[in-house]
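Only one structure is covered here, and it is reproduced in the block below.
2 protein chains.
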Amino acid sequence: MTRHASFEALTAETLPVRLARTEGLVSLIGADTARWRVREVGDGNLNLVFIVEGDRGSAVVKQALPYVRLVGESWPLPLKRSFFEYHALKRQAARAPGTVPKVHHFDDAQALIVMEYLSPHIILRKALIEGRQLPRIARDLGLFMARTLFRGSDLHMKTAERKADLALFADNVELCDITESLVFSDPYFAAPLNRHTSPHLDGLVAELRADRDLKVEAQRLKHLFAANAETLLHGDLHSGSIMVTDTETRIIDPEFAFYGPMAFDVGMLLANFWMAFFAQAGHEQAGSRDAMRAYLLEVIADTWAEFRAEFSRLWRTERDGILYQRALFEDQGDTLGAEQALDHVLSTMWTDLLGFAGIEIHRRILGLAHNADFETIADEDLRAACEARALRFGRHIAVNRNRIHSLDEVNALACLIEGERLA
Amino acid sequence: MTRHASFEALTAETLPVRLARTEGLVSLIGADTARWRVREVGDGNLNLVFIVEGDRGSAVVKQALPYVRLVGESWPLPLKRSFFEYHALKRQAARAPGTVPKVHHFDDAQALIVMEYLSPHIILRKALIEGRQLPRIARDLGLFMARTLFRGSDLHMKTAERKADLALFADNVELCDITESLVFSDPYFAAPLNRHTSPHLDGLVAELRADRDLKVEAQRLKHLFAANAETLLHGDLHSGSIMVTDTETRIIDPEFAFYGPMAFDVGMLLANFWMAFFAQAGHEQAGSRDAMRAYLLEVIADTWAEFRAEFSRLWRTERDGILYQRALFEDQGDTLGAEQALDHVLSTMWTDLLGFAGIEIHRRILGLAHNADFETIADEDLRAACEARALRFGRHIAVNRNRIHSLDEVNALACLIEGERLA
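Protein chains in written order, with my numbering: chain A, 284 to 706; chain B, 284 to 706.
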């Protein structure tokens, strides 16, 4: 990797010296680096994240490390993921303006991106754990997904450009490999990196690993994930990749970006809301989170409704690509033909997103990378009980995804499973 | 395209002079170029094809032209297609040994490939028009498809290699564009390049263009074709891309190669057999082709059976990729889990191949590139009648592909439609 031959990880101490001449940073913070205040705040699984503040303003400096931070140097991970994050941020900003942090500078050799410091935003997952109801997330996230997924596909892009971009992102193979292994396979056999909360879950884990229908579904979904290069995905769109205030929603960390199936982003996001729902019992006293649970189910229903509405609007107004051409429908006076095709596309997406959601829930409880929603439940038995309900829910929607008709049904299922703890 | 700055089209006269020092050719033909006999035999739609013979032996020199030969210089087409043909031939030779011509030399700048001259092979389409029954084609083509499609996918390849190869072939965008436009869209609206046999078909053409369900299916299939980068396809696997003797079957012309859905190659091939079936009536006297029709339906059934058998064998013995990993099935003692997943994969492929077959039939009769099967029927009314039956057949299998269970049903449908001409 000669492209990163000069790479050196930053520290809070070396950052002002090393980036003193980086115009994109200096113009934001001020030229007197002695007055820069730098702190490392990365709490994710992979990277270094510095907040730099000075007289003039602030910025985030995100730098990749040549290994998985969560695991250590024993798991190397290429620095080029920073390149893919940079390119994904540029495309998302163009396709869904105002939804991602502004990028001020990119240094490929040092695998670092200087970007907007979002403040007073907090990570959505943290807010949901605290029981905060964010009023805008369903609308903002529905719009973000519809716009990025639609506009990055052959529904809208020039195909030659999409294929060139597909080729570019095809090199993000190591990060796709993480998803392919950790999400779609590891939870369903005794993979070395797996862990789960307590022996209380052993029986259920064994049951899921022996569940033939579930495993076949998980592999069908992996096949779809690996083969179906439909659009540029965020690739890791969970509540830890979203920063919020009451009035704003911003999406960060698209380093897993690649061309994959639209339903993956949507399914992963909804899965994380359903996990937040099942985790509430671990954070409440005597029904104090009832309203929060109702809010989460409403967010799920509204996110999917907003997504569908915006996707449909774009279908009717920006369907300029090679797929479902107007020449075959509207231009022949057959508007309903285009609507019929839209129903097909949304129906397939619905079926697939349920599958992806179910699998995402499993890997967050059985695999390597767990969710703070559950992890912050101190009482191990309580945590295991919450997780067990989520696991059963995930199994049901993954295996029965072809026979489930509406989000109302899925949310009713979540309530049914959640209600059983009271019985 | 600086890569082809020195490109110059060969002629039968200039070839011996220009290739006199091409070791891969000289070693086959002999060093005395004065004794080379060269003739241009290209009868396809795109390229120059020379047969070179000499004292020592023979070879084919295939050279791309910077435009579509069938249409002329008004339709430019990049020379790099020769690069993709070369790379596809190498991969097919490795994955299905003995099925493609040996490659002796490749010149990227001149867009030319020196390859084995297949003799006394003839083009399969010609043989079928003549009413010849080739005994080996079902088995050979079933094996070819199973081996190339399986071994070029994540079922077998290392994923990092598949993604690098996907990126390589993603640049074959102009040839994919031909398929995307000519196969999936043009037949269903008044595209400028369309033509059909006679006004006798006008009514049916209008009916098909007004057929909402058909058009939506065609676009669903285009979506699949454009997005589902499952394996390295031949990309143009019809009976004109196959050379045969009674004892050998060889597959040529993979310049349309790219990563697409497995079902596309299979569907296109079977479609061309069904078209041969419907064209027989144009080449017979009083039932003289009854046996040939029966043979063609048998070839179709056997090709799909051979494909399934070999694909299943590879599934059980060479499933070494990231999909449907043994760790989740056989290694847990769950052989039936792997068989269940195989059934899912084959079932989806079956549904999709029927769709691709139906669409391929339409474009060969309504679009730009017609088939010799029908074109060689001199009587225009007879030709239109044969084509009408094929069009109705194609519509039925494309639209009803989710509700058709077996090849026997499809062949029975073909017989029913063919039988109606007698009524």
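Glycine included, C-beta positions come from ideal geometry on N, C-alpha and C.
It should be emphasised that the depicted structure is a prediction, and the values quoted were computed from it without experimental measurement.
Of the residues A:Arg286, A:Ala371, A:Leu353 and A:Ile396, which one's Cα is nearest the Cα of Leu293 (chain A)? A:Ile396
What residues of chain A sit near Arg363 (chain B), judged by a beta carbon separation below 8 Å? Note on identity: in this sequence residue 363 (chain B) is Lys, with Arg being the wrong assignment. Correct list: empty, because the minimum Cβ distance to chain A is about 13 Å.
Is Asp691 (chain B) helix, strand or coil when you go by DSSP? helix
Just by C-beta distance, which residues in the region 468-482 of chain B are closer than 8 Å to chain A? Ser468, Tyr471, Phe472 and Ala474
Could you check the C-alpha separation between Leu516 (chain B) and Glu538 (chain B) for me, to the nearest Å? Straight-line Cα distance between these residues: approximately 10 Å.
I'd like to know if Arg503 (chain A) contacts chain B, where contact means its C-beta is closer than 8 Å to some C-beta of that chain. yes
For Gly620 (chain B), would you say it is in contact with chain A, using Cβ-to-Cβ distances shorter than 8 Å as the test? yes
Using a C-beta to C-beta distance shorter than 7 Å, which residues of chain B count as neighbours of Asn511 (chain A)? Near Asn511 (chain A) (Cβ distances below 7 Å), the residues of chain B are Ala510 and Asn511.
Between Tyr607 (chain A) and chain B, is the shortest Cβ-Cβ distance under 8 Å, so that the two count as touching? Yes, Tyr607 (chain A) counts as interfacial toward chain B.
Quick check: is the beta carbon of Asp454 (chain B) nearer than 8 Å to any beta carbon in chain C? Among the protein chains in the structure shown, which are A and B, there is no chain C.
Verify the CB distance criterion: does Met284 (chain B) have a CB-CB separation below 8 Å to chain A? Reliability fails at Met284 (chain B), whose pLDDT of 49 lies under 50, so the model's placement of it is uncertain and the value that follows must be treated cautiously. By this cut-off, Met284 (chain B) is not an interface position.
Exposed or buried, Lys441 (chain B), counting other C-beta atoms within 10 Å across all chains shown (16 or more means buried)? exposed
Got a sec: is the Cβ-Cβ distance from Gln416 (chain A) to anything in chain B below 8 Å? no
C-beta neighbour in chain A for Leu629 (chain B), strict 8 Å: It does not: the Cβ of Leu629 (chain B) has no partner Cβ on chain A nearer than 8 Å.
Which residues does DSSP list as the beta-bridge partners of Gln346 (chain B)? B:Leu331 and B:Leu395
By Cβ distance, which residues of its chain are closer than 8 Å to Arg419 (chain B), with the 5 residues on each side in sequence left out? Val527, Asp529, Thr530, Glu531 and Thr532
What does Arg492 (chain A) reach in chain B if we use C-beta pairs closer than 9 Å? Leu611 and Gln615
Measure the Cβ-Cβ separation of Ile648 (chain A) and Glu670 (chain A) and say whether it is below 8 Å. yes
If you draw a straight line from the alpha carbon of Arg646 (chain B) to that of Gly414 (chain B), how long is it in whole angstroms? 24 Å
Short of 8 Å in beta carbon distance, which residues of its chain neighbour Val300 (chain B), apart from the five on each side in sequence? Order them along the chain. Thr316
For the structure I just gave you, are there three or more beta carbon pairs, one from the region 593-604 of chain A and one from the region 420-430 of chain A, closer than 8 Å? yes
Return no unless some Cβ of chain B is closer than 8 Å to the Cβ of Leu449 (chain A). Interface residue, yes.
Using the three-state DSSP reduction, which class does Phe366 (chain B) fall into: helix, strand or coil? helix
Interface residues of chain A facing Glu463 (chain B) [CB-CB closer than 8 Å]: From the beta-carbon of Glu463 (chain B), the residues of chain A found nearer than 8 Å are Thr442 and Ile605.
Using a Cβ cut-off of 8 Å (strictly closer), state whether Val335 (chain B) contacts chain A. no
Which residues in chain B sit within 7 Å of Asp485 (chain A), going by Cβ to Cβ distance? Within chain B, no residue comes near Asp485 (chain A); the closest Cβ sits about 16 Å away, beyond 7 Å.
Going along chain A, which residues have a C-beta under 9 Å from Gln346 (chain B)? Within 9 Å Cβ-Cβ: nothing; Gln346 (chain B) doesn't reach chain A, min ~24 Å.
Is the CB of His688 (chain B) under 8 Å away from at least one CB in chain A? no
Is Phe612 (chain B) helix, strand or coil when you go by DSSP? coil
Distance check for Ala510 (chain A) and Ile660 (chain A), CA to CA, integer angstroms please. 37 Å
So that I know if they touch, is there some Cβ in chain A lying closer than 8 Å to that of Asp548 (chain B)? no
Residue-chain proximity (Ala288 (chain A), chain B), Cβ-Cβ < 8 Å: no
So Arg495 (chain B) contacts chain A; which residues on that side make the cut at Cβ distance below 8 Å? Asp617, Leu619, Gly620 and Gln623
Let me know if Arg666 (chain B) comes out buried or exposed under the rule of 16 or more other beta-carbons within 10 Å of its beta-carbon. buried
Below 8 Å on C-beta distance, what does Val397 (chain B) contact in chain A? Under the 8 Å cutoff, chain A gives no residues; its nearest Cβ is about 29 Å from Val397 (chain B).
Taking 7 Å as the limit between beta carbons, can you name the residues of its chain near Gln563 (chain A), skipping five residues before and five after? Arg572, Met575 and Arg576
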